[in-house]
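Novice:
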Amino acid sequence: MNTELLRTFLEVAKTRHFGNAAENLYLTQSAVSSRIKQLEETVGVPLFTRQRNNILLTLSGERLLPHAENMLVAWQIALQEVGVPSNQALQLTLGGTSNLWDAFLQSLLPKLSEEFPDLYLRTEINSSQELTRALLGGRVDIMIVLDPPTSTDLEIRRIGKMELIMVASVPGVAREDIPDLGYLYVDWGTAFNMEQARLFDEPVVPLLHTGQAPIALEFLLSQGGAAFLPAALVSPYLEQEMLYPVQDAVSTSQEIKLVFSKKSEKCVQLIPIVNMLEGLYTKAIAQSS
3 MNTELLRTFL EVAKTRHFGN AAENLYLTQS AVSSRIKQLE ETVGVPLFTR
53 QRNNILLTLS GERLLPHAEN MLVAWQIALQ EVGVPSNQAL QLTLGGTSNL
103 WDAFLQSLLP KLSEEFPDLY LRTEINSSQE LTRALLGGRV DIMIVLDPPT
153 STDLEIRRIG KMELIMVASV PGVAREDIPD LGYLYVDWGT AFNMEQARLF
203 DEPVVPLLHT GQAPIALEFL LSQGGAAFLP AALVSPYLEQ EMLYPVQDAV
253 STSQEIKLVF SKKSEKCVQL IPIVNMLEGL YTKAIAQSS
């Protein structure tokens, strides 16, 4: 299978537009159309249909979508692993949700490299659902999430805790003032999102909906509003009185979970890494008590 055909298929599926796909791929529109036609001839069914100037996936196209994604990722991993120097014995693909990378995961990478100098690291940012599929499919070795999936094939360990506090761009703000001030909705996982839904007496349309804390923080500082953000991230801004705690909002802690497959071929190799990350959390708890 020509991977460029799959890459073109995924781009058209994402943009729903041959012209935009061509621009993103640095191709002509006729080249994109030719590749899609070639792919359709290969699989023997139409993959797209036009309805009112809109390009939609056919049922067959929908079925091909996850396979195309898996094949491209698997091919990329294969290329990377083939090119790994012989002195780097262990390849680790670490996945995490976007809301955890800046707030937690990014700081772990140097520690992993220091503890395991022969480690070859690959990172992936995706939703919990996509990461679970990748984990079960063997494309991700370890994933870090707030809402771990439930499966007897998966091992779950606690490796961190993140305190979330509600902050506002102006002082003296109470929860009842937030609808007028502007609410920034940050996705912190299903359990916490249910708490956010009960935060106000009436539904509030957020000024911003994002899964990344730095985006919410930048918006908060420039445009104003209120949001739940990690205490570690906003502490300097609270000290400089650039942000202020919301008066009657209760802070909350979210446990950060590490998940890996007990059926993974790398399971034995992963255990020292898992134990190291779990140990960092245990040490942090002991120091804080």
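The opening position of the sequence shown corresponds to residue 3 in this note's numbering, with each subsequent residue numbered one higher.
Note that beta-carbon positions come from the ideal geometry of N, C-alpha and C, so glycine has one too.
1) Which residue or residues does DSSP assign as beta-bridge partners of Tyr122?
2) For the candidate residues Arg159, Pro150, Ser100, whose alpha-carbon lies nearest to that of Val188?
3) With a 10 Å radius around its C-beta and 16 neighbouring C-beta atoms as the bar for buried, classify Val207 as buried or exposed.
4) From the DSSP output, read off the bridge partner residues of Gly98.
5) Would you call the stretch 156 to 173 and the stretch 260 to 278 touching, i.e. three or more CB-CB distances under 8 Å?
6) What are the boundary residues of the alpha helix (DSSP H) that includes Gln31?
7) So, using beta-carbon positions, are Pro48 and Ser35 closer together than 8 Å?
8) Just checking Glu126 against the ligand GTP - is the residue's beta carbon closer than 7 Å to any of the ligand's heavy atoms?
9) Which one of Met73, Asn72, Val75, Glu42 has the shortest CA to CA distance from Leu59?
10) So, using beta-carbon positions, are Leu133 and Gly97 closer together than 8 Å?
11) Give every residue of the same chain whose Cβ lies closer than 7 Å to the Cβ of Tyr283, excluding the five residues on either side of it in the sequence, and list them in chain order.
12) Comparing alpha-carbon positions, which option in Val147, Leu272, Phe230, Lys265 lies nearest Glu257?
13) So Ala251 packs on Tyr185, CB below 8 Å; how close in whole Å?
14) Looking only at its chain, what residues have a beta carbon closer than 7 Å to the beta carbon of Ala70, apart from the 5 residues adjacent to it on each side?
Specialist: Let me spell this out:
1) Along the sequence shown, read from residue 1 onward, the residue named residue 122 stands at position 120. According to DSSP, residue pairing for Tyr122 in a beta bridge involves Gln93.
2) In the sequence shown, the residue the question calls residue 188 occupies position 186. The option with the nearest alpha carbon to Val188 is Ser100.
3) As a first step, residue 207 is located in the sequence shown; it is residue number 205 there, counting from the start. Val207 should be labelled exposed.
4) Taking the sequence shown and counting its residues from 1, the one referred to as residue 98 is at position 96. According to DSSP, which records beta bridges pairwise, Gly98 is partnered with Ile127, Ile146.
5) yes
6) Working through the sequence shown from its first residue, we reach residue 31 at position 29. Segment 31 to 45, the alpha helix (DSSP H) holding Gln31.
7) Translated into the one-based positions of the sequence shown, residue 48 becomes position 46. Translated into the one-based positions of the sequence shown, residue 35 becomes position 33. No, the Cβ-Cβ distance between Pro48 and Ser35 is not below 8 Å.
8) Although the ligand GTP was asked about, the structure shown includes no ligands whatsoever.
9) Counting from 1 along the sequence shown, the entry for residue 59 is found at position 57. Of the candidates Met73, Asn72, Val75, Glu42, the one whose C-alpha sits nearest the C-alpha of Leu59 is Glu42.
10) As a working note, residue 133 is residue 131 in the sequence shown. As a working note, residue 97 is residue 95 in the sequence shown. Result yes, Cβ atoms of Leu133 and Gly97 sit closer than 8 Å.
11) Translated into positions along the sequence shown, residue 283 becomes position 281. Answer for Tyr283: Arg160, Ile161, Gly162, listed in chain order.
12) As a working mapping, residue 257 is identified with position 255 in the sequence shown. Among Val147, Leu272, Phe230, Lys265, the Cα nearest to that of Glu257 belongs to Val147.
13) Residue 251 sits at position 249 when you count from the first residue of the sequence shown. Residue 185 sits at position 183 when you count from the first residue of the sequence shown. Going by Cβ atoms, the distance from Ala251 to Tyr185 rounds to 11 Å, so no, they are not a contact pair.
14) On the sequence shown, residue 70 is found 68 positions in, with the first residue counted as 1. For Ala70, where only same-chain residues beyond five positions count, the Cβ hits under 7 Å are Leu8, Phe11, Leu12.
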